[in-house]
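Residue numbers 1 to 231, in the UniProt record's numbering, belong to the letters of the sequence shown in order.
Don't be surprised by glycine CBs; every beta carbon is placed ideally from N, CA and C.
Working notes, structure below.
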Amino acid sequence: MDWFGQEEWQAVILSLKVSVWAVLLSLPLGILTAYALARWQFRGHQLLNGLVHLPLILPPVVTGYLLLLTFGRRGLAGAWLEETFGLVLAFRWTGAVLAAAIMAFPLMVRAIRLAIEAVDPKLEQAASTLGASRFAVFTTVTLPLILPGVITGVVLAFAKAMGEFGATITFVSNIPGQTQTLPSAIYTFLQVPGGEGPALRLVIVSIIVAMGALVASELLARRARKRVSGV
């Protein structure tokens with residue numbers, strides 16, 4: 001469409017790419033963390049809970065700056081990743097994935113944790129008494145029951161990743177075609193004369209993607225609940 005410029009398309013595609021990867025990479029850890037917070041009692045439980053939710057409390061720019069210090073090319077983790085795997089995160093789209101995943105992680109964990117806490121532990125205990133391992137109990141009993149919560153967590157994380165701005169622009173900057181995500185592109189267009197049109201088009205795209213994700217999640221969660229209840 002000639003009314004949708006190349007720079008706008010690049011921002012939309014990059015945002016979708018970053019958000020999908022952020023969700024996929026953080027989902028296994030999100031499920032494990034949620035299960036640990038919901039079912040396990042250990043020293044450092046409150047510390048872990050605080051660390052998980054810290055990105056929600058800190059200003060996003062602070063989170064981005066901490067990522068830059070840690071995963072920048074001179075940071076301890078960043079230097080090791082580049083030297084060992086040749087992986088550079090700062091000022092790359094891969095860094096945008098990391099920033100989006102960290103900012104979205106608390107919402108994912110919260111939704112999944114609530115779903116796990118709603119599962120009757122006696123169901124898991126009954127499966128254990130029949131000789132099932134912990135992993136088998138989780139995959140055959142717990143996971144199917146919490147599937148609607150997992151879907152909710154995935155959608156919330158995806159929406160948060162799509163809208164992430166502060167940590168991303170601090171960590172990977174705002175390079176068109178490389179690190180310029182949809183929120184960064186909207187911000188850029190609003191800073192130049194005549195940019196209101198492209199900015200408005202990207203805002204409309206943001207609304208459509210967000211609403212589409214919410215509708216899809218509701219349909220998937222409803223389908224999962226019906227399958228679990230057998231209705």
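**OP:** Helix, strand or coil for residue 181, going by three-state DSSP, please let me know.
**Re:** Counting from one through the sequence shown, the residue named residue 181 turns up at place 181. The answer is coil: DSSP assigns residue 181 none of H, G, I, E or B.
Subject >> Any C-beta of chain D under 8 angstroms from that of residue 219 >> reply: No chain D is part of this structure, which consists of one protein chain only.
Subject >> Endpoints, the alpha helix (DSSP H) within which residue 19 is located >> reply: On the sequence shown, position 19 is the one that residue 19 refers to. Its alpha helix (DSSP H) spans residues 6-39.
**OP:** Determine the direct distance from the alpha carbon of residue 71 to that of residue 273, and round the result to whole angstroms.
**Re:** Residue 273 is absent from the model: the chain starts at 1 and stops at 231.
Original post:
Taking Cβ positions, are residue 77 and residue 18 nearer each other than 8 angstroms?
Top reply: Reading the sequence shown from its first residue, position 77 is the one you call residue 77. Reading the sequence shown from its first residue, position 18 is the one you call residue 18. No, these two residues do not count as a Cβ contact at 8 angstroms.
Original post:
Do you know how far the Cα of residue 9 is from the Cα of residue 85?
Top reply: Taking the first residue of the sequence shown as 1, we reach residue 85 at position 85. Taking the first residue of the sequence shown as 1, we reach residue 9 at position 9. Using only the alpha carbons, I get a separation of about 31 angstroms.
**OP:** Alpha carbon to alpha carbon, how far is residue 187 from residue 34? Give it in angstroms, no decimals.
**Re:** As a first step, residue 34 must be located in the sequence shown, where it is residue number 34. As a first step, residue 187 must be located in the sequence shown, where it is residue number 187. Approximately 34 angstroms between the Cα atoms of the pair.
Subject >> Where the alpha helix (DSSP H) containing residue 78 begins and where it ends >> reply: Position 78 of the sequence shown holds residue 78. Annotation for residue 78: the continuous alpha helix (DSSP H) segment containing it runs 76-85.
**OP:** Assuming residue 30 contacts residue 163 (C-beta within less than 8 angstroms), just tell me the rounded distance between them.
**Re:** As a first step, residue 30 is located in the sequence shown; it is residue number 30 there, counting from the start. As a first step, residue 163 is located in the sequence shown; it is residue number 163 there, counting from the start. The Cβ separation is near 18 angstroms, so there is no contact.
Original post:
Around the C-beta of residue 216, are 16 or more other C-beta atoms found within 10 angstroms, so that it is buried, or is it exposed?
Top reply: On the sequence shown, residue 216 is found 216 positions in, with the first residue counted as 1. Classification of residue 216: exposed, given that the 10 Å Cβ count is below 16.
Original post:
Is the beta carbon of residue 151 less than 8 angstroms from the beta carbon of residue 67?
Top reply: Residue mapping note: residue 151 aligns to position 151 of the sequence shown, counting from 1. Residue mapping note: residue 67 aligns to position 67 of the sequence shown, counting from 1. Taking 8 angstroms as the Cβ cut-off, residue 151 and residue 67 do not qualify as a contacting pair.
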